[in-house]
Amino acid sequence: MIYRRFLLAAALLAFVPATASASDDLPFLGTWDCEVEIFTFTPTTYDTGSEALAIEEVQEGSDGSYTLLFADDYLITLSGFTGDTMGWFSPASGDSFACTRLD
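Reading the sequence shown from the start, the letters are residues -22 to -1, 1 to 81 in mature numbering (1 follows the signal peptide of the UniProt record, and there is no 0).
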């Protein structure tokens, strides 16, 4: 019986999405100067300077990148974290920016 409970718990944990990681550990949280605008990331929103988008899901890549998913199939990928810098990329537009942390 205990073995069955263990297997059930292990199976359930296998289906926990990447978004279950502690939001405090997300390296992109904060305010960033991304060349064209100041972007602000919280655990639940991405503020582009002109609008705040609700983050629907965060997927961590095996390379340490993070893909943020939003409504209407919009997404961005943040990568190359080196403390105070990161890369920003939009597959929809092809734009990429080098970002520097402001806070």
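We put the CB at the ideal spot given by N, CA and C, even for glycine. Only a predicted model underlies this, so the values are computations on that prediction, with no experimental measurement involved.
Residue i vs residue j beta-carbon contact at 8 angstroms
| i | j | result |
| --- | --- | --- |
| Thr9 | Asp81 | yes |
| residue 82 | Phe59 | What the structure shows of the chain is the stretch from -22 to 81, and residue 82 is not part of that stretch, so it cannot be assessed. |
| Leu7 | Phe19 | yes |
| Glu35 | Ala49 | no |
| Ser43 | Ser57 | yes |
Nearest-angstrom beta carbon gap, residue j and residue i [assumed within contact, 8 angstroms]
| i | j | result |
| --- | --- | --- |
| Thr63 | Thr78 | 6 angstroms |
| Glu15 | Gly27 | 4 angstroms |
Beta-bridge partners of residue i, as assigned by DSSP
| i | result |
| --- | --- |
| Ile54 | Leu46 |
| Ala70 | Bridge partners of Ala70: none, in fact. |
| Asp11 | Ile16 and Thr78 |
| Thr60 | Thr60 is not bridged to any residue. |
| Leu31 | Tyr24 |
Beta strand (DSSP E) segment containing residue i, residue limits
| i | result |
| --- | --- |
| Asp25 | Thr23 to Asp25 |
| Glu35 | Glu35 to Glu38 |
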